[in-house]
Structures are given as structure tokens and as C-alpha cells.
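What follows is a set of notes on a single structure, which appears directly below.
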Amino acid sequence: PVLRQIDQQFLICSICLDRYCNPKVLPCLHTFCERAPLTPLTPLLVGHWHCCPVSILSICLTACSSAASPPGVTPHSPPVCLSICVSHPSVTLRSPPVCLSVCPPPAPQCDTVQPRHLVHLSPRLSVPPTLFPHPSVLSHSPHVCQVMEFYCEPCETAMCRECTEGERREHRDHRTVPLRDVLEQHKAALQHQLDAVRARLPQLAAAVGLVAEISRQLGQRRAEAEAEIGSSFEELEAALRQRREVLLRDLEATCAAKQQVLEAQLEVLRQGQESILSSCAFTEQALHHGSATEVLLVQKQMGERLRELAARPFPEHPHENAQLEFHAEPEGLRRSIQNLGALLTTSATAHTTVATGEGLRQAVVGQPCSLSVTTKDKDGALVRSGGACLRFAVTGPDGAAAEAEVQDNRNGTYELVYTPRAEGDFVLSILLYGQPVRGSPFRARALRPSDVPPSPEEAKRRVKSPGGGHVRQKALRRPASMYGSAKRKENPIEDELIFRVVLAAFQGVGVFPLIPLTLLPSQVFSNEGQFRLRFGVRGRSPGQLQRPTGVSVDTNGDIIVADYDNRWVSVFSPEGKFKTKLGAGRLMGPKGVAVDRNGHIIVVDNKACCVFIFQPNGKLVARFGSRGTAERQFAGPHFVAVNNKNEIVVTDFHNHSVKVYNAEGEFLFKFGSHGEGNGQFNAPTGVAVDSNGNIIVADWGNSRIQVFDSAGSFLSYINTAADPLYGPQGLALTSDGHVVVADSGNHCFKAYRYLQ
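Last residue of the sequence shown: 756 (full-length UniProt numbering), numbering continuous.
Quick look at the structure:
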């Protein structure tokens, strides 16, 4: 029924009463077929597309049908009176619409309508006879219409008095009112709508100016970028030519120096050769052809000469070599040139970009306060790349600017930090490409530290660092953020406590077909939480464990345990037999451990604030990181995971963030900031990566587990309300869709259902 109604209301031509064929829209916005099948109304349209039979101008025409009808029109007999509403540019209206009746003289046979040559309604209204269509398809009118005096509210149309009376009236049971009573009401409503629409013109004009200016700037930036590209490559070409000349000069100088040495040696050798040859020839001639007296006379002199030549040292070994090669490693340079330069841009728009964080509302004097900005495109989708032109300005109560900093996480999110120096209200202005983000400017109030009362939740979260005594924290289910609610519908993460196993204090957890835990002794459980294996004793000898913290399993099933106090990593067979140790003498406090796709063992050194990469035989492959807050620095890193791209994911405990590096240790991006909102951390610890690249992080200080996509954008959190966490640390994913987490505050490990 709905489709039929749509078909009848929107797809049927009101002239030919059939589906539209090449429809045309008239200036009055009514639609008809360009050439409808032959009907009495066709002459109105062919060649007169500015004429509309149902336009706002309505004139009731009454005519009489003839006995004979044009071809294609069904004849009507006996003749009847019919009515039609038409409009035409030649109809001049300076008064309300009027009903008109026209009856031509009787004609026994006629092929066309014979109206009067010109019908005068009033001195101000006239209708030419060319407007009279054939009446055979028009509706019957049982009366002669008069001046429009009434208004039918259900039909929203004007009518004459007789249309409201009689048994056959069309508006029976309809509420009608005098036309003059509703005229002002409708005029006022139209005027109100007109004013409302006209009021939008300044906004549209401003928007047109803004978009046009951005378009102009885009063209200007393109020209500037094109010039910079040309200039950069011209400089590179000049540098290459200059380097070529330098190499050629060096080649010439080096070759000349070598040749000089060799030529001098050749000169000495040739002189010695000539001396020996001449002396030998003279002596031989004297021996063979000289008399006894001559031989005796030259014997002494030639003997001394020959002895001197026999004893003279000659440089028989080359004083130089012939090596002169050009070594440039062009392949690496070629790859660098192929990747040289990048076009930096994003699709971020200010009106969809959002800022979140406690720093938008409240700050503490003298303490850094942070907030997060998440950029989005025009459709509200998250932008995954950084580099946007984001400006952050903070104005204090006295009008002076406060310290403000923007940190680009390179994944479409930004951390803004400011430090108020006085009490009072601060104005935070966040501009993206010169336009304010949603809600900007913000107002935050700075309080003295003594004036900030700790909330019960904050008091419970003030706990010691992992490894010391544990104070239970209240696990809170965080309210859905602007990302959480939508993302959970698109990518639902169901959670349910599968089991819990109570143990002594421990921190790490790993997964292979079984679940190994960092205990003394270390223990292994099945995916269902059933005990399977125990190995290791306390001690400082190889094979013993002093303070195991992190655990992982390689492709062979070997169990790799980071021993914090022994300062090395121990490797055990799947049966728990000690095999080897690595990192001794290098590691200061190994915490987390993982195995990459190349079999390398990744170790996070909590004390040294760096990451080590070892081969399985213990040979050091690489090391990166130091203490600090920069991209390649850490402040108490805890655990590590490797994703399906072989990228290294490290939780930076005191920097309240997660950092991602490639397999060589080059920084890629980071995400997270200090806070309690979605996507923020209060000292992150355990980390794992699922098969889709999503990153699961244990938020130790907030006692929760958060889920992020591969670019670090917040997706959701695992609801642990059924059995709250108190200081979660290491976590891992099982093959059957569970998240296993070390709940250090409760001295147990728990498994929650996690659907990837």
C-alpha cells in the first residue's frame, strides 16, 4: 500500500494519468509529461510550458461539452456542464480568484469547444478563449460558481458559498471559515517563514566567504608546495652535481698521488737495471776479448762495482696498490629518494573535532593540566593521521597568556598541556586550521592545591607503585564517551567473568596453549583455569627465580620469564626445564617480555628505561630508549606486546601513555594521556594485541581494561563490574576469546570473555 501510494502521488502525471514520460518541472514547481497522450488538456502544454493547469492562480471555468469529441477522447452525451482550474500568463489577477461560468450557444455538432471570443470577469480580470480545453475529462459542477468567500481548512483551499451547501457539496463535514478571517493568519505565517529564511542569508554569506577563502588558501598552498618541491629537488640536483665534482677531484688527486709514488719507484728500478746491465756487459767484454794485462787492470775496479751492485737495495716491492673504486650504495639512496618528501594534510574539520578532559573545567595552580583533542572529518569519522594545524592558547584572569603546549600523538589525537600560575578563571582557545573546535573557547577554573578536596574515588586511587603494598581501588564502570557508545554498537565487546584463580602476589601473565604465570614457583594453567605445571625455585643461580615479573611463550612453546631482581631473562622448556638465560650483565630491571615474528625476544627494562631486542641465543640485536618524556624515552616502562605488523607496543607507566615502534626501534606514534576519561591512563601496565590489531591495555591506576584500535583511538572498555579489578597488571589473550589479567590487588588472575 505504501508503494502504491507513493506511485500515485509522485509518479503519475496529472494530465495523462499515467506514469511520467520525460517529465518537465514548470516554474511553479508542478510536473507534467513533456508530450502527454492526446487529451483535451494537451493544447495547454505543447508550446506553452509556462502554462500550468494547477497553479496558485485558480479560475473556475465552466463550459459545455459538444456532441462530438476530438479523436482519442470519449464522447459524453448528453452535454453536461464541467469545471476546470487553469492559469496562464495572460490572465491578470489583481483581486481574489473568482468563479466564472461560460456556456457557448447550442451547437448540434461541433469538433471543438466554442467559447465566447473573450470572457470578461471584471475590469481587472480577463481570460482569453485559447485557455478553454476540451471539457470531456473535467469534473462535473452542479452549480454556477460565485466569488470565493470561504476557506476549507482540511482541504486548504478557497471556495464559493454554493460549494459549502447542497447535498453534493465536496466539502461536506469539513470545517469552513470566512476567507478574510484566515487571510491575515496565513499572510502572517508566510511572513514569519519568509523572515526566518531571510535571516539565514547572512550566515550563508559568511559561510560562502569562509569556504571561498579556504578554497583560495588551498590553491595558494598548492602553488607554494609546488614551488617548494621544485626548489627542493633543484637543491638536491645541485648538491648531487657538486658532490660529483668533489668525487672527480678526489679521484684525480688520489690517482695522481699514487702514480707519483709508482713513477718514482719505477725510476729507481730502471736506473738500477741499467747500471747492472752496463756493468755486466763491460765485464763480459773484458773477460772474453781482453788481454791478460787488460783483465788485470780492470779486475779491481769492476770487482768493486759488481759487489756494490750486488749489495745495493732496490725497491722491488710495489710502494702503492692499484685499488681505486667508487662505492656509493646507490640502492639505499635510490630508496631514500623514492620516499623523499611527503604531502602533509588531513581531512580534519573544526566543527566536528572534540576536546575532552578534566583540564577543560578545572586546574591546579602550578601543576600541569592536560586535555585531549580528537580530530574528525566532516562526517564525524575519526582522523587517523597527525600533523594538523592545531593552536592552543590559554588566557589567565589578568589577560596574560599562560604556558601552553601541543603534543601531536601522530594518530589524529593531540594532548594539550597548560600550567596555570594564578587562581581564577582561564579561557582555553583551541583552533584547528584557524577555526574553533566544537565548544571552544572553554572556561576552566584554577584552584590552589589546598583548595582542591580529594574525592573518595581519588583517595582510593592513591596507591603505591606495583611491586609494593597494594591498596584496594574501587573499580568504576566509566560512562560511555562520545566514542564509546557509538563504537560499542558497531564493534560490541561482550564481557563476562569466566573464572578466577586466587594465588600469591604476582604480576605477569602469558598465553600459549596453557597460561603461565610469574609466581614462585612459576605455575601453568589451562585456558579453563585448571592447574597443569609448576617449575622454578627461589634463588640467584641460573634456572632459579628471584622476582619474576613478565612472561611470554615463543613459537616452540618455550616459556620466557623476565626476572627483575636477578637482572636477566630465563628460558624454560614447555615442561619447565631450564634451558638458558640471556641479558645478564646488560639488564638492570627487566619487567615485560614478548616474542616478535622473527623469534626475537623483546625485553622492557624498567630501571634502565629502555627496550632490548635479543636473538634466542642471547645475542643483542638492538637497544633503544632512555629516561625522559620524549618520543624515544620512557619513565618506568612496564610491559610490551607485538602486533601483526611486527611493531613493538610498550606501556610507559609514569608518562601515562602507550608508545608504538617498528621492529628496528623507530618511533611510530603514541596515544593516551594522564586522566580518567576514555582513552586516558593512570599508569598503564599490561598490554596485548588481538588478531585484528586492536590494542588491549590494563589501566592500573583506574582499575580497568581499555580497548583501542590499531591507530590508538579509543574503542571501548571491558566491563569488569561482575568482579572488580584492583590494580590490574599483566594481561594476555587466549585462543578461545578470553582476556586473562593479573589482578595484583586481589592476588589472583581472572579471565573475561572478549569477542574480537
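Glycine included, every Cβ here is placed at the ideal spot set by N, Cα and C.
Take the Cβ of residue i as the centre, count every other Cβ of all protein chains shown within 10 Å, and call the residue buried at 16 or more, exposed below.
i, result
"L297", "exposed"
"H327", "exposed"
"R270", "exposed"
"R216", "exposed"
"N617", "exposed"
"K376", "buried"
"D563", "buried"
"D425", "exposed"
"A400", "exposed"
"P330", "exposed"
"G366", "exposed"
Taking the alpha-carbon positions, what's the residue i to residue j distance?
i, j, result
"P574", "S526", "13 angstroms"
"H186", "Q203", "27 angstroms"
"E676", "G357", "8 angstroms"
"V73", "C160", "With a pLDDT of 42 at V73, under the threshold of 50, the predicted position of this residue should be treated as unreliable, and no value is reported."
"C662", "E647", "Correcting the residue identity first, residue 662 is Asn in this sequence and not Cys. Whole-angstrom Cα-Cα distance: 5 angstroms."
"G679", "A393", "23 angstroms"
"A698", "P436", "34 angstroms"
"A322", "A257", "12 angstroms"
"Q285", "Q273", "18 angstroms"
"F749", "A721", "15 angstroms"
"R200", "V208", "12 angstroms"
"R335", "V246", "23 angstroms"
"H738", "L725", "16 angstroms"
"A402", "Y418", "7 angstroms"
"F612", "G396", "45 angstroms"
"Q242", "E226", "24 angstroms"
"P542", "T580", "8 angstroms"
"R448", "I430", "24 angstroms"
"A310", "S291", "26 angstroms"
"K619", "N339", "32 angstroms"
"C110", "C13", "Low per-residue confidence applies at C110: pLDDT is 38, beneath 50, and the placement is therefore not dependable enough to give any value."
"K607", "L333", "38 angstroms"
"E234", "H638", "47 angstroms"
"N22", "A196", "36 angstroms"
"A238", "C610", "41 angstroms"
Have a look at the options and flag the residue whose alpha-carbon is nearest the alpha-carbon of residue i.
i, options, result
"R438", "D451, V354 and A381", "V354"
"S372", "G712, V697, P23 and Q523", "G712"
"I705", "N694, N719 and N692", "N719"
"D379", "L390, G386, T349 and E403", "T349"
"Q615", "F314, R627 and A594", "A594"
"S231", "V177, D558, D377 and G341", "G341"
"Q544", "S570, Q530, H288 and T555", "S570"
"S626", "G636, I214, K670 and E213", "G636"
"T346", "F531, N411 and S385", "S385"
"T555", "Q530, K579, D596 and R567", "D596"
"H317", "V268, S278, L277 and L343", "V268"
"V621", "F578, L179 and H600", "H600"
"Q265", "P315, H351, S278 and V452", "P315"
"P420", "R19, A446, L344 and E149", "A446"
"G585", "Y151, T651, H747 and D565", "D565"
For residue i, which residues of its own chain have a beta-carbon under 7 angstroms away from its beta-carbon, when the five flanking residues on both sides are left out?
i, result
"E184", "none"
"T629", "A635 and N655"
"L306", "S279 and T283"
"R462", "Reliability of the predicted coordinates at R462 is poor, the pLDDT of 48 falling under 50, and the value obtained from them is presented with this limitation in mind. The answer is none, since no qualifying residue turns up."
"V182", "Y151"
Report the CB separation of residue i from residue j in whole angstroms; it is logged as a contact under 8 angstroms.
i, j, result
"V551", "V561", "5 angstroms"
"P684", "V649", "No, P684 and V649 are not in contact; Cβ-Cβ is about 11 angstroms, not under 8 angstroms."
"A444", "R391", "Wrong, their Cβ atoms sit about 17 angstroms apart, outside the cutoff."
"G730", "G686", "4 angstroms"
"S370", "E415", "6 angstroms"
"N409", "K645", "Wrong, their Cβ atoms sit about 18 angstroms apart, outside the cutoff."
"R567", "G589", "7 angstroms"
Identify, in the order they occur along the chain, each residue of the same chain with its Cβ nearer than 8 angstroms to the Cβ of residue i, setting aside the five sequence neighbours on each side.
i, result
"residue 760", "Residue numbering for the chain in the displayed model covers 1 to 756; residue 760 lies beyond these limits and cannot be assessed."
"G576", "S522, V524, L533, R534, F535, G536 and I559"
"E294", "A286"
Strictly under 8 angstroms for the Cβ-Cβ distance: is residue i near chain C by that measure?
i, result
"E331", "Judged by its chain identifiers, the structure shown contains no chain C, having just a single protein chain."
For residue i, which residues of its own chain have a beta-carbon under 6 angstroms away from its beta-carbon, when the five flanking residues on both sides are left out?
i, result
"T374", "V354 and T413"
"F681", "H656, G672 and D699"
"V689", "A641, N643 and I695"
"Y433", "C389"
"P368", "V417 and T419"
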